[in-house]
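What follows is a short report on a single structure.
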Amino acid sequence: MKDFNDQYWHNTDVNEILDLFKTDLNKGLSEAQVKEKEEIFGKNLLKEKKTESKIKIFFSQFHNPLIYILLSATLITAFLNEWIDSGIIFAVVIINVIVGFIQEVKAAKAIDSLKNMMTTEAMVIREGEKVHISSRDVVPGDVILLESGSKVAADIRVVNTKDLKVDESMLTGESLSVSKENEILQKDIILNDRTNMLYSGTFATYGRGKGIVIATGQSTELGKISNLMEETTALETPLTQKISAFSKILLYVILGLASFTFIIGLLRQNSMIETFMASVALAVGTIPEGLPAAVTITLAIGVSTMAKKNAIIRKLPAVETLGSVTTICSDKTGTLTQNRMTVTEVFTMQNSFKVEGNGYEPKGNFFANDKKVDNIDDDLFEILQAGYLCNESHLAYKNGVYEIKGDPTEGALIVSFLKSGSTEKEINENYPRIDILPFESNRQYMATMHNDLKAKNNILYLKGSIEKILQKCKSDTDIEKIEKEAAAFALKGLRVLAVCKKATDKTLIDEEILSNEFEFLGLFAIMDPPRAEAVEAVRECKTAGINIKMITGDHALTAFSISKMLNIVSNDTVFEGSVLEGKELFKLSDEQLAQKVQNVNIFARVEPEQKLRIVNALQANGHIVAMTGDGVNDAPALKQANIGIAMGKGGTEVAKEAADMILSDDNFSSIVQAVKEGRNVYDNLIKFITWTLPTNLGEGLVLLVAIALGLTLPILPVQILWINMSTAILLGLMLVFEPKEKNIMNREPVEPSLPILTRGMIFQMGLVGVYMLIASYSLFNYYLSNGYSVEYARTVAVNIFVFIEIFYLFNCKELSKTVFETDILNNKYLLYGIVVMVTLQLGFTNAQFMNSIFKTTPLEISTWGLILAVSFMVIFVVDIFNKYKRTL
66 MKDFNDQYWH NTDVNEILDL FKTDLNKGLS EAQVKEKEEI FGKNLLKEKK TESKIKIFFS
126 QFHNPLIYIL LSATLITAFL NEWIDSGIIF AVVIINVIVG FIQEVKAAKA IDSLKNMMTT
186 EAMVIREGEK VHISSRDVVP GDVILLESGS KVAADIRVVN TKDLKVDESM LTGESLSVSK
246 ENEILQKDII LNDRTNMLYS GTFATYGRGK GIVIATGQST ELGKISNLME ETTALETPLT
306 QKISAFSKIL LYVILGLASF TFIIGLLRQN SMIETFMASV ALAVGTIPEG LPAAVTITLA
366 IGVSTMAKKN AIIRKLPAVE TLGSVTTICS DKTGTLTQNR MTVTEVFTMQ NSFKVEGNGY
426 EPKGNFFAND KKVDNIDDDL FEILQAGYLC NESHLAYKNG VYEIKGDPTE GALIVSFLKS
486 GSTEKEINEN YPRIDILPFE SNRQYMATMH NDLKAKNNIL YLKGSIEKIL QKCKSDTDIE
546 KIEKEAAAFA LKGLRVLAVC KKATDKTLID EEILSNEFEF LGLFAIMDPP RAEAVEAVRE
606 CKTAGINIKM ITGDHALTAF SISKMLNIVS NDTVFEGSVL EGKELFKLSD EQLAQKVQNV
666 NIFARVEPEQ KLRIVNALQA NGHIVAMTGD GVNDAPALKQ ANIGIAMGKG GTEVAKEAAD
726 MILSDDNFSS IVQAVKEGRN VYDNLIKFIT WTLPTNLGEG LVLLVAIALG LTLPILPVQI
786 LWINMSTAIL LGLMLVFEPK EKNIMNREPV EPSLPILTRG MIFQMGLVGV YMLIASYSLF
846 NYYLSNGYSV EYARTVAVNI FVFIEIFYLF NCKELSKTVF ETDILNNKYL LYGIVVMVTL
906 QLGFTNAQFM NSIFKTTPLE ISTWGLILAV SFMVIFVVDI FNKYKRTL
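Letter by letter, the sequence shown follows residues 66 to 953 of the working numbering.
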């Protein structure tokens, strides 16, 4: 049988499709045909994804340079019989491996979630009989029947319909149901506009329909999305990439220094065992054991903080990625907007009114010529009343929230009426409904008839498209004025409904009464308005150097209008050239798109694959991309983005499984709050690295100099372990609790290509490391030459390292400021850590059992004074450097 995957079904005549599949509209397929097609096309299921075994995934987590360093440290400390330190370091390794394993296993669930969306029942015609079958047994060529509430079991070409409306939000992202009908469409029309097609996983919300199955399983649009998700690759976060690169360099440096130390020792004819032990001590001293723990704990704190601000992190590294984001690609409906259709303007033949209020809450004022309307005039009340009465939806209040039961657009009319101060009870009692003509797509209007108890006659209301309503109105209606106003609304991206009425003595709606002589009442301008907090959030992003790109399945004009309201584009931006539609994007090569995305901020009427292409194009330009979405169509792009953000309330399970983060309130402003936290996480990790590496460098230099010059070791390997483990936990890790800096959203994102250690940071760390070397050696030799024991001199050297680290902490609180420009008391955990560290260090120096373990001895008061004075000077050394750095 012919391969139909590339067929443009929306552009193909129904009779041709029947011939291709050898089926009949009235009889359907025979059992023999079904078996034949099952052999060719297979079951209507998504294919199983090949997955690695969990054991292989677990052991792959060890393939990391930093893990290699830590495992080396574990073996070295075990070799030195330091079993506690060896155990602690190995525990850090295992924690990191387990976290990575859990994340990778969870990531595989996104595609599995798609399979559940394919499972349903279907009513098909086979051998002339209507039968219910499992969706997995549907085959191409099946004639399928749908009614309100049916889940679409496969991709279908519509044959005929009766007011069929389908919720395609899981594919298009737009919440309004789409009317379906049988007509041949243009070949190049995008999926969102294919009104003669139905797609697997969507829902029929109204009416009935009949169609021919043209694709099943992996060939459906849902299957194509599954393929896209398999093709996308999970990206490393900016910081993990940088730490990985940094770890490789560090590994080579440590091995190089250790080897160099060993060779120098042998050349000086030192004992091989002593030289090896010194090399081991140098390696241990230069390994930043606390770095993986700091990364994990910092990210975990970020997760906890973000959860309190409606951002639920599913994958730990996503916390840091947020801080590096350069571009946010956001869906429009429900994220930047309220996802609640709202009447924003009302036009009567005498005046125009602005309507305020949020969502479906029936509170808000009317404004005419920018002045609040205190008394609703008759014309305005008449159209508001008509909008309420000519309506099939209703407003409900549940758990403190107003909801619309029915069509959201009709719900907006109900809310606008209630804003006038009238009550539903009053209007329902005074205008009981006596007949209704429901909306039909071919008619483009609905009608209701009511008994006006006060006037003692009946009133017929019509509500629908401007074109159809104006055809029904009296000949003296000022059509030019109305069309001009409607065009102005349309230019703002507003949906427009027209309303008219007629008094009658009839009690039933028929063709004669609908023919003409209606009185035009006015126009409703309706939209899904921007969230108020989203406007401020967009402004904050721009200040922070983050680009906002709106990617929506909605129409270009609506997207453009909302973008102006949100200041995604400026008010003086013209429509031409500022919006890229899916049909235009389709014609661009990847290279052309990569150029185009730099300057375009609005993408409208886009398809799932195109969302993925936009993300790829931005990443090709070096952007760190955050992508928001809620539908199945968003899942591939969510997975490919550096950080995928799904909607918690309205999002599909597929989108949530593919995402790194879930917004529990579906609110764009929560993303901005998460970005702040992400930047703080990144800042604090850099502060920790800037603080911890000078100690490792200083320790390595001390040992290297001692061996190279044939001097006595100022610090022993066991003392180095004490310094590294105790200070990393009690001092360095306290930096992860640093509060956000005041200018955190007033600076550009960190350049993705920038290494984790800038020249300034390297110079500062080298400066502190050399200062530690000079200070420790100076005091070590001073006390040694003045008749003190080597244990005494080494105790001094160890305390020099510890107290320089304590004072250097304050230089690292805000790396762009001096200590005297910093609030040194705003991190209580750091202050607690210092107190505990000092207490332990006093025990390390004075407690007898500590003396025997670490070969230390108590110090004189005068020695403590000298240690504190020399250590305190590091603050001034670093501050002078920072002031000099600013002048460069």
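Even glycine gets a Cβ: it sits at the ideal position worked out from N, Cα and C.
Cα-Cα separation, residue i to residue j
i    : j    : result
L401 : V204 : 40 Å
V783 : S818 : 39 Å
T270 : A451 : 25 Å
S936 : G852 : 23 Å
I499 : G465 : 33 Å
I839 : T887 : 27 Å
T883 : M592 : 51 Å
I869 : S917 : 24 Å
K676 : P804 : 36 Å
M183 : N892 : Because M183 carries a pLDDT of 44, less than 50, the predicted location of this residue cannot be relied on, and the following value inherits that uncertainty. C-alpha separation (whole angstroms): 52 Å.
F432 : F418 : 5 Å
I441 : S485 : 7 Å
G709 : A702 : 8 Å
H515 : K549 : 31 Å
N745 : A706 : 21 Å
F866 : F144 : 25 Å
A520 : T623 : 41 Å
V737 : N808 : 14 Å
G908 : L924 : 11 Å
Y842 : A862 : 7 Å
V942 : E722 : 50 Å
H620 : V662 : 19 Å
D541 : E246 : 35 Å
S506 : S530 : 10 Å
F885 : M837 : 22 Å
I926 : V903 : 15 Å
I574 : M511 : 11 Å
L460 : K428 : 13 Å
D232 : M406 : 16 Å
Range covered by the beta strand (DSSP E) that runs through residue i
i    : result
S199 : 194-199
S389 : Not the beta strand (DSSP E): S389 falls in the alpha helix (DSSP H), residues 383-389.
D517 : 510-517
C606 : Element bounds for C606: not the beta strand (DSSP E) but the alpha helix (DSSP H), 597-608.
L796 : From DSSP, L796 is part of no beta strand (DSSP E); its letter is neither H nor E.
T407 : 407-412
V697 : Where V697 is concerned, there is no enclosing beta strand (DSSP E), given that its DSSP letter is neither H nor E.
Anticipated Cβ contact below 8 Å, residue i with residue j, distance rounded
i    : j    : result
G587 : V411 : 6 Å
I633 : I393 : Not a contact, Cβ separation roughly 10 Å.
A376 : L728 : 6 Å
Y496 : Y467 : 23 Å between Cβ atoms; not a contact.
S199 : V815 : Actually they are not in contact, since the Cβ atoms of S199 and V815 sit about 52 Å apart, beyond 8 Å.
V740 : T717 : Not confirmed; about 24 Å, so no contact.
T226 : G266 : Rounded, the Cβ-Cβ distance is 19 Å, inconsistent with contact.
According to DSSP, residues forming a beta bridge with residue i
i    : result
M615 : S395, I667
D725 : Partner(s): none; D725 has no beta bridge.
V208 : I190, I277
R560 : I591
M337 : For M337, which the question treats as bridged, DSSP gives no partner whatsoever.
M712 : L728
Limits of the unbroken alpha helix (DSSP H) element including residue i
i    : result
N911 : 893-911
T474 : 473-483
G107 : Here G107 belongs to no alpha helix (DSSP H), and DSSP marks it neither H nor E.
D84  : 79-86
D748 : 733-774
P630 : Residue identity check: residue 630 is Met in the sequence provided, not Pro. Where M630 is concerned, the enclosing alpha helix (DSSP H) stretches over 621-630.
K648 : 647-650
I492 : 489-495
Cβ-heavy atom distance, residue i to the ligand MG, below 7 Å
i    : result
I534 : For the structure depicted, the ligand MG is absent and the ligand set is empty, with no information on it obtainable.
C-beta neighbour in chain B for residue i, strict 8 Å
i    : result
V243 : Note that chain B does not occur in the displayed structure, where there is just one protein chain.
_My parser needs the beta strand (DSSP E) runs of 3 or more residues fully inside the region 414-465; what are they?_
417-420, 431-433, 459-463
*May I have a chain-ordered list of the beta strand (DSSP E) segments no shorter than 3 residues that lie completely inside the region 221-280?*
268-280
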